[in-house]
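Presented below is the structure to which this report refers.
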Amino acid sequence: MFFCSNCGAQVIEKVPAGDSRPRHICVSCNAIHYQNPKIVAGCLPVWDDRLLLCRRAIEPRHGLWTLPAGFMENGESTEQAAARETLEEACTDVVDLDLYGVFSIPQINQVYMMFRARMASGDFSPGEETLETRLFSEHEIPWDKLAFPVVKRTLERYYRDIRNDHFPVHVEDIFRHPARKP
Ligand SMILES: [Zn+2]
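Those letters in the sequence shown? Residues 7 to 188, by this note's numbering.
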């Protein structure tokens, strides 16, 4: 950040009084521009014993498979955001959303909130950001063509839990490059 979004003046990085981290502070109006993680809400849309995945029509990871998910908008709940993203990306309505995973990705300052959800009908089609939508049985999941580690993690948890018919909420951290031993 170089300029203040309030007044257009220059911003500097400085630790405000009483704070412990450097922030972007406007030299003119003194506004402190905090930057915090963003929430991504998404679904595991279930139809019978199959899951709906979307093949991305946008970067990053164009052409790879993902679960419908996206950034929350102001004024909506996490469940509304997850259902809206599913409607936008896969043109399908989901109901009975159950929180399933809270995945922090500290390296990119994102928190994913993934919901298990029942598809209201077997109707679906690719939205604007999607090349292709398809229902997958477990043995058909394109494990080597998944777009993001968080998608892989969510699906791994889901298929493990489905064997036990028990779906606890998973709260986990995902690191893109696991720390190596020195
Ligand atoms: Zn300013």
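For glycine and all other residues, C-beta sits at the position ideal for the given N, C-alpha and C.
Measure the alpha-carbon distance for residue i versus residue j and round it to whole angstroms.
i    : j    : result
T160 : E146 : 16 Å
Q41  : N115 : 9 Å
K151 : E162 : 14 Å
Q113 : D171 : 33 Å
V101 : P148 : 25 Å
S127 : T139 : 14 Å
S83  : T98  : 19 Å
F9   : I111 : 27 Å
R169 : N36  : 56 Å
E134 : S11  : 30 Å
M119 : V17  : 33 Å
C60  : E85  : 19 Å
I31  : N80  : 24 Å
H236 : F181 : In this structure the chain extends from 7 to 188, so residue 236 is not present and cannot be described.
V175 : P132 : 29 Å
C13  : E144 : 53 Å
Pop quiz: residue i and residue j are said to be a contact at Cβ under 8 Å. What is the actual Cβ separation, rounded to whole angstroms?
i    : j    : result
M7   : W53  : About 44 Å; that fails the 8 Å criterion.
V108 : V33  : Going by Cβ atoms, the distance from V108 to V33 rounds to 38 Å, so no, they are not a contact pair.
P43  : V117 : 5 Å
Confirm, please, whether the CB-CB distance from residue j to residue i is below 7 Å.
i    : j    : result
I204 : R27  : The structure shown has nothing for residue 204, since the chain only spans 7 to 188.
L70  : Y164 : no
A63  : A88  : no
R56  : L141 : yes
D179 : F173 : no
L58  : F130 : yes
A123 : L105 : no
Q. Is there contact here, the stretch 72–89 with the stretch 150–165, by at least three beta-carbon pairs under 8 Å?
A. yes
**Q.** Inter-stretch contact (C-beta, 8 Å, three-pair minimum) for the stretch 10–24 and the stretch 91–106
**A.** no
Q.
Suppose only complete runs of 3+ residues qualify. What are the beta strand (DSSP E) ranges in the stretch 117–160, listed by chain order?
A. 136–142
**Q.** Ranges of the alpha helix (DSSP H) found wholly within the stretch 40–91, counting only runs of at least 4
**A.** none
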